[in-house]
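Everything on this sheet refers to the single structure shown next.
Right, dumping it as structure tokens:
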């Protein structure tokens, strides 16, 4: 079978995120199963050296790849490039599957100038129109809509969007690198955060929590890059904790494994997530976690009996208390093995491959 995986995301070595990690893991599984896979990305940095099977394709540039394959799998919610690729697949009578991964919503506020508030409402209006026109069409045209967890079904239903083609298949992870502790990270506790520096990640909440009781000697180690870095550095300075916040920029997976080995706890404070692979990977490494109580985190942690490792969104005192409790209690025995059997590509990849085969019948 010839498969095209299309994403607007960028390659991992240039800062790609969880969606790209998902696609690469799926593609490796498919190739190991004897299938031919092309990964097409709309946002590849100029001059980037691409791995075999990885291509740059923007706009109509994706047409030659669509014509060469049997099935197309598009990734990314509310993305114009994704919608165009799906439309072209339909035009060439090629079956496509759709995985939105996550939908990001920023509710409008009454704060800011009149111009800022107007921009907020315009953004909300554009998303509403997109959902009722473009997103509705994608959800109907796709041979299958793969959602990562049950709360996203509720999300679509709350917006009166079709769910008749939805299949719930979680993301998966490849065997993680578990490094021996070569050097402990500074801090008591040493808190690790991994992800792009974006407002949706709410890293400012973790920075502010360093002032809370129990975290007076804690240090925050932030892996990832993005436009938020300058603002976050300024916030750390304004809170008087800049000497306890360390920014690493982009770090390859093997180096992230080393940082995880030297940390005491992993924190993810996002207001919205699809299904963060880093949360799974850190537990697999035996690193305790603390996560915001949002739909993207809740199914995983509740299924593991780790409800007490979640804190209310933006509740910085509760965040600090959860970090302290997570460090003290650690990862329950046997949990990494339980996760590995449930979220491996051997299990998840086969379910997606079955959908591809069904789409071709």
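Numbering (the working numbering), first residue to last: 57 to 417. Backbone N, C-alpha and C fix where the C-beta goes; we use that ideal spot for every residue, glycine too.
Per-residue DSSP class, three states only, for residue i
i: residue 382; result: helix
i: residue 210; result: helix
i: residue 129; result: strand
i: residue 57; result: coil
i: residue 408; result: helix
i: residue 92; result: strand
i: residue 338; result: helix
i: residue 397; result: helix
i: residue 359; result: helix
i: residue 173; result: helix
i: residue 387; result: coil
i: residue 375; result: helix
i: residue 348; result: strand
i: residue 83; result: helix
i: residue 112; result: strand
i: residue 135; result: coil
i: residue 162; result: coil
i: residue 75; result: helix
i: residue 403; result: helix
i: residue 100; result: coil
i: residue 66; result: coil
i: residue 416; result: coil
i: residue 143; result: helix
i: residue 153; result: strand
Counted within 10 angstroms of its Cβ, other Cβ atoms place residue i as buried (16 or more) or exposed
i: residue 184; result: exposed
i: residue 196; result: exposed
i: residue 97; result: buried
i: residue 109; result: exposed
i: residue 136; result: exposed
i: residue 181; result: exposed
i: residue 129; result: buried
i: residue 61; result: buried
i: residue 123; result: exposed
i: residue 416; result: exposed
i: residue 142; result: buried
i: residue 363; result: exposed
i: residue 203; result: buried
Closer than 8 angstroms: residue i CB and nearest the ligand FMN heavy atom
i: residue 227; result: No copy of the ligand FMN occurs in the structure displayed, which carries no ligand at all.
Anticipated Cβ contact below 8 angstroms, residue i with residue j, distance rounded
i: residue 59; j: residue 125; result: 6 angstroms
i: residue 390; j: residue 344; result: Wrong, their Cβ atoms sit about 15 angstroms apart, outside the cutoff.
i: residue 73; j: residue 341; result: The pair is not a contact, with the Cβ atoms about 19 angstroms apart (cut-off 8 angstroms).
Beta carbon proximity, residue i to chain D, threshold 9 angstroms
i: residue 261; result: Although the question refers to chain D, the structure presented lacks it and comprises just one protein chain.
**Item:** Contact between the region 202 to 221 and the region 278 to 290 (3+ Cβ pairs under 8 angstroms)
**Value:** no
**Request:** Say whether the region 372 to 383 touches the region 394 to 406, bearing in mind that this needs 3 or more beta-carbon pairs closer than 8 angstroms, one atom from each stretch.
**Result:** no
**Request:** Ignoring anything shorter than 4 residues or poking outside the region 265 to 310, list the alpha helix (DSSP H) runs there in chain order.
**Result:** With a minimum length of 4 residues, the continuous alpha helix (DSSP H) runs that stay inside the region 265 to 310 are 285 to 294.
**Message:** Whether or not the region 254 to 265 and the region 225 to 232 are in contact is what I'm after, with contact meaning three or more pairs of Cβ atoms, one per stretch, closer than 8 angstroms; do they touch?
**Reply:** No, the region 225 to 232 does not touch the region 254 to 265.
**Message:** I'd like to know if the region 220 to 229 and the region 239 to 249 are in contact, where contact means that at least 3 CB-CB pairs between them fall below 8 angstroms.
**Reply:** no
**Request:** Evaluate the contact criterion for the region 142 to 155 versus the region 115 to 125: three or more CB pairs, one atom per stretch, below 8 angstroms.
**Result:** yes
**Prompt:** Any chance the region 318 to 325 sits against the region 248 to 259, with 3 or more Cβ pairs inside 8 angstroms?
**Reply:** yes
**Request:** Output the residue ranges of the beta strand (DSSP E) runs that lie fully inside the region 181 to 260 and measure 3 residues or longer, sorted by chain position.
**Result:** Taken in chain order, the unbroken stretches of beta strand (DSSP E) that lie wholly in the region 181 to 260 and span 3 residues or more are 200 to 203, 222 to 224 and 246 to 250.
**Prompt:** Is there contact between the region 264 to 274 and the region 353 to 361, where contact requires at least three CB pairs shorter than 8 angstroms?
**Reply:** no
**Prompt:** Does the region 357 to 368 come within contact of the region 307 to 318, defined as at least 3 CB pairs closer than 8 angstroms?
**Reply:** When Cβ pairs closer than 8 angstroms are counted between the two stretches, the region 357 to 368 is seen not to touch the region 307 to 318, the count staying below three.
**Asked** Counting Cβ pairs closer than 8 angstroms, one from the region 189 to 203 and one from the region 151 to 162, do we hit at least three?
**Response** yes
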